[in-house]
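Residue numbers (UniProt numbering): 1 to 689. We put the beta carbon where it would ideally sit given N, CA and C, even for glycine. Small disclaimer: the values here were computed from a predicted structure and weren't measured. Below: the structure, in structure tokens.
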């Protein structure tokens, strides 16, 4: 008989924890949930206080049987599922299945899988938190009532395989609303005037700001000409020079949301990939003689708080590596209004595991994500960066221009880490020459430029996650699966890494908006998240919250069943005939996006990928044309349209002209600095303006 049985969620975690606890402990994995609502039915008894009908998940019977046998042999059982609502629900189900007294101190939680954290957690076991369980149960029941009632209606009225949910429906609405904004956008003309200047060999520019001290909007060429007519000659006189210091504070450590956003910006990782890699780093990586070690704290969190131990260790590291002037002072970080703050931010379990020292044990993707998390923590505890800024006002006959410059005076946290931006641009030094009041400078050219306002950009994954978080929609654990679901259902597609709504998504949204407006109401969905928090805090009854929602929802459901009309989604002609049977080809929506299929299905099952001719002859066979294709992972590549006869393929876009140096194939290469043209045969390279 073993002294203690510990049940965790995954085998990787079981292996790591077992190493720390020693021979008296047997650590087994439940492989996630073993008990849940059935997939084949809603599984909620509406007439009996929304009582859930839990069953053993199909395929989990042997696992549960093994856990029961192990529990009988153990003197004591500890339930160590993840430290969140879902983990608490898993522990609750296991306690019930294994006949463990739920009022006993059987629950163990830890925010990081390190030897000290594990040992400390077993010194302080607690009872199962029924408020956390009820909050999770309320979410599951609510999502079942919505999804398992609306989805069959959509199957009946639109097409099979559709689904509806609270968070995913709001996400689709945000994408469609943005697309409508873009379509309705009318660009407005505006102008700017720039003076190109030079002093002491340093070129700089000044922008027009006002006339005789009054701001003037340049909305037309006439406005510009009026300003240019006032300018007498090409000399600008310096009216004032203002110099000051500007501090830039470091960013806080990662939450789940900010980690997903930054990984998308800097590493080009999808939210799903980021969470998969973070899970691996959390559960443990084999570090040679050190053995398997959890490298980061729990990755589902909306807190930016870090422990005193982590602060002190990071502070010591900064002192040792950079010096006292780089060490920051502790500041109280503001949490988001809906932050549960149940545990810490996403951070390294030990700053001593610097990325370079453990790189050999990590895959390339694991290393890049870990490095991002490590650098973010270290930077968050460093001193602010200091910029020297300079603003120079100059004028000619009452026409005023301004030149702005900045220079990094003290790097501070920027020595380690600079936060990414959605447009990919980073702040750079813009140096101005030394200028004095009354000094005259000669403009080499004063030129007007016409501009037009741009529509709001489509959502990237990072921007959509940020928007959902700002609106209080969903929780850290919901973002990645939500984005995955709306793409798999065909409601949206990714084009150039930005979300575009599909016809199907628009149709489904219009039906939901007509018959179930509260599902798409951002305020309602955010309020429901707050209600779940109230249940977790023991302030509200989960049955009462569900009942308040279901009363109105049920009435609208009956109305929708009677009044919702069937929608026929007609296949869009592809403009070509099937080479196998001669019938017209049409566009279909599949798991990986649009494709072409024969309209004579099922008699003819011919399908073709949608390809785009880029106007370049195949460099290999000289007979075919290069076309743009998409891999199953939606990555764009280029190949010959005579495939499989010709197997030419390139991840970089070929261009039509040959290399001027060797006549080889030229391709467009993309990098953080922009796009450049490069030869695939020799070292020829050119920038693209």
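From which residue to which residue does the alpha helix (DSSP H) around residue 505 run? What you label residue 505 is simply residue 505 of the chain shown in a count that begins at 1. Residues 503–515.
The region 251–270 touching the region 374–391, judged by at least three CB pairs closer than 8 angstroms: yes
Using the C-alpha atoms, what's the distance from residue 266 back to residue 407? As a position in the chain shown, residue 407 is number 407, starting the count at 1. As a position in the chain shown, residue 266 is number 266, starting the count at 1. Cα to Cα, the separation comes out at about 24 angstroms.
Just verifying my parser: in three-state terms, what is the DSSP assignment at residue 128? Taking the first residue of the chain shown as 1, we reach residue 128 at position 128. Looking at residue 128 - three-state DSSP - the assignment turns out to be coil, as it is neither helix nor strand.
CB-CB under 8 angstroms to residue 157, same chain, minus the five flanking residues each way: which ones, in chain order? For the purposes of this step, residue 157 is taken as residue 157 along the chain shown, with counting starting at 1. Once the five neighbours on either side are set aside, the close Cβ partners of residue 157 are 511, 564, 565, 566 and 567.
Local Cβ density within 10 Å of residue 286, reported as buried at 16 or more and exposed below that: Numbered from 1 along the chain shown, position 286 holds the residue referred to as residue 286. The residue is exposed, with fewer than 16 neighbouring Cβ atoms inside 10 Å.
Can you tell which of 132, 217, 261 and 601 has its C-alpha closest to the C-alpha of residue 422? Mapped onto the chain shown, residue 422 falls at position 422. Among 132, 217, 261 and 601, the Cα nearest to that of residue 422 belongs to 261.
With the cut-off set at 8 angstroms, would you say residue 81 and residue 9 are in Cβ contact? Here residue 81 refers to the residue found at position 81 when the chain shown is read from its first residue. Here residue 9 refers to the residue found at position 9 when the chain shown is read from its first residue. Result yes, Cβ atoms of residue 81 and residue 9 sit closer than 8 angstroms.
With which residues is residue 404 paired in a DSSP beta bridge? Locating residue 404 in the chain shown gives position 404, where the first residue counts as 1. 391, per the DSSP bridge assignment.
Secondary structure, alpha helix (DSSP H): runs of 4+ residues fully inside the region 504–579: 517–520, 522–536 and 542–563
Please determine if the region 362–372 and the region 283–301 are in contact, where contact requires at least 3 C-beta pairs separated by less than 8 angstroms. yes
Are the beta-carbon atoms belonging to residue 219 and residue 189 less than 8 angstroms from one another? Along the chain shown, read from residue 1 onward, the residue named residue 219 stands at position 219. Along the chain shown, read from residue 1 onward, the residue named residue 189 stands at position 189. Yes, the Cβ-Cβ distance between residue 219 and residue 189 is below 8 angstroms.
Three-state secondary structure (DSSP) of residue 180: Numbered from 1 along the chain shown, position 180 holds the residue referred to as residue 180. Correct three-state label for residue 180: helix.
Where does residue 337 fall in DSSP's three states? Counting from 1 along the chain shown, the entry for residue 337 is found at position 337. For residue 337, the predicted model reports a pLDDT of 44, less than 50, meaning its position is unreliable; a value from the coordinates is still stated below. Residue state, collapsed to three classes: coil.
Quick check on the DSSP output: the alpha helix (DSSP H) that includes residue 462 runs from which residue to which? Translated into positions along the chain shown, residue 462 becomes position 462. Segment 461–470, the alpha helix (DSSP H) holding residue 462.
Below 8 angstroms on the Cβ atoms is my contact criterion, and I expect residue 476 with residue 301 to pass it. Report the Cβ-Cβ distance as a whole number of Å. Here residue 476 refers to the residue found at position 476 when the chain shown is read from its first residue. Here residue 301 refers to the residue found at position 301 when the chain shown is read from its first residue. Contact holds; Cβ gap of about 6 angstroms.
Please name the residue or residues paired with residue 245 in a DSSP beta bridge. Along the chain shown, one-based indexing puts residue 245 at 245. Bridge partners of residue 245: 388.
Grab the span of the alpha helix (DSSP H) containing residue 258 for me, first residue to last. As a position in the chain shown, residue 258 is number 258, starting the count at 1. Counting along the chain, the alpha helix (DSSP H) containing residue 258 begins and ends at 256–267.
With 16 other CB atoms within 10 Å as the buried threshold, where does residue 452 fall? Translated into the one-based positions of the chain shown, residue 452 becomes position 452. Under this definition residue 452 is an exposed residue.
Which value, in whole angstroms, describes the spacing of the CA atoms of residue 278 and residue 381? Along the chain shown, read from residue 1 onward, the residue named residue 278 stands at position 278. Along the chain shown, read from residue 1 onward, the residue named residue 381 stands at position 381. Going from the Cα of residue 278 to the Cα of residue 381 covers about 22 angstroms.
Assess contact between the region 66–73 and the region 26–43, defined as three or more Cβ pairs (one per stretch) separated by less than 8 angstroms. Is contact present? yes
At a cut of 8 angstroms, does the region 119–138 reach the region 159–176 through at least three beta carbon pairs? no
Should residue 526 be labelled buried (16 or more other beta-carbon atoms within 10 Å of its own) or exposed? Along the chain shown, one-based indexing puts residue 526 at 526. Classification for residue 526: buried.
Do residue 274 and residue 284 count as a contact pair if the criterion is CB distance below 8 angstroms? Sequence index remark: in the chain shown, residue 284 carries index 284 (1-based). Sequence index remark: in the chain shown, residue 274 carries index 274 (1-based). No, they are not a contact pair.
Excluding the five sequence neighbours on either side, which residues of its own chain have a C-beta within less than 8 angstroms of the C-beta of residue 32, listed in chain order? Numbered from its first residue, the chain shown carries residue 32 at position 32. 9, 10 and 90.
Note down the Cα distance separating residue 487 from residue 493, rounded to an integer number of angstroms. Numbered from 1 along the chain shown, position 487 holds the residue referred to as residue 487. Numbered from 1 along the chain shown, position 493 holds the residue referred to as residue 493. Answer to the nearest angstrom: the Cα atoms are 6 angstroms apart.
Does DSSP classify residue 331 as helix, strand or coil? In the chain shown, residue 331 corresponds to position 331, counting from 1. In this prediction, residue 331 has a pLDDT of 49, which is less than 50 and means its spatial position is unreliable; what the coordinates show is noted afterwards. DSSP places residue 331 in coil when its eight states are reduced to three.
What are the start and end residues of each continuous alpha helix (DSSP H) run of 4 or more residues lying completely inside the region 194–246, in chain order? 221–230
Roughly how many angstroms separate the alpha carbons of residue 54 and residue 175, rounded to a whole number? Here residue 54 refers to the residue found at position 54 of the chain shown. Here residue 175 refers to the residue found at position 175 of the chain shown. Residue 54 and residue 175: Cα-Cα distance of roughly 35 angstroms.
If I measure Cβ to Cβ from residue 3 and keep anything under 6 angstroms in the same chain, skipping five residues before and after, which residues do I get? For the purposes of this step, residue 3 is taken as the residue at position 3 of the chain shown. Excluding sequence neighbours, residue 3 sits near 24 and 75.
Go through its chain and collect everything with a Cβ distance to residue 337's Cβ below 7 angstroms, but skip five positions before and after it. Counted from its first residue, the chain shown places residue 337 at position 337. Caution is warranted here: a pLDDT of 44 is assigned to residue 337, below 50, making its placement in the model unreliable, and no coordinate value can be reported.
So is residue 77 buried or exposed if we call it buried at 16+ other beta carbons inside 10 Å? Position 77 of the chain shown, counting from 1, holds the residue named residue 77. By the neighbour-count rule (16 or more Cβ atoms within 10 Å), residue 77 is buried.
Look up residue 455 in the DSSP assignment and say whether it is helix, strand or coil. Here residue 455 refers to the residue found at position 455 of the chain shown. Note: residue 455 maps to coil in three-state DSSP.
Every unbroken beta strand (DSSP E) inside the UniProt domain "Toprim" (3–113) [3 residues or more]: 4–8, 25–29 and 76–79
For residue 647, the nearest candidate out of 626, 502 and 660 (CA to CA): As a first step, residue 647 is located in the chain shown; it is residue number 647 there, counting from the start. Residue 626 is the option with its Cα nearest to residue 647.
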